[in-house]
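Numbering (my numbering), first residue to last: 4 to 103.
Using N, Cα and C, we set each Cβ at its ideal position, and we do this for glycine too.
See structure below.
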């Protein structure tokens, strides 16, 4: 197993322990384009849930309370899908080697 695949998958798995910081560091430090591309994709997928939190907080002030609950549930489901996607991509990069 090559170091490039471990770093690429670690950038996806960092959603559990380092969030935005580890993919950003990997993206800035590495010279390998493959690892940089995966770290960038992981970084975007780690930033999106924070955006959803902000949108969810603004939806609390919506006119109808059921609308607020619906938006918060929808954004929570999307954030959960992003976590599952990060785990899937991390495993896929480790297992298959070259994904993209």
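Local conformation of residue 76 per DSSP, three classes: DSSP places residue 76 in helix when its eight states are reduced to three.
Inter-stretch contact at 8 Å, needing at least 3 Cβ pairs: the segment 81-95 / the segment 42-58: The segment 81-95 makes contact with the segment 42-58: 3 or more CB pairs, one atom from each, lie closer than 8 Å.
Residues near residue 19 by beta carbon distance below 7 Å, same chain, minus five either side: No residues qualify anywhere along the chain.
Three-state secondary structure assigned by DSSP to residue 57: It is helical.
Cβ-based neighbour list, residue 9, same chain, cut-off 6 Å, excluding 5 preceding and 5 following: A distance below 6 Å between beta-carbons, with the five flanking residues on each side excluded, links residue 9 to no residue of its chain.
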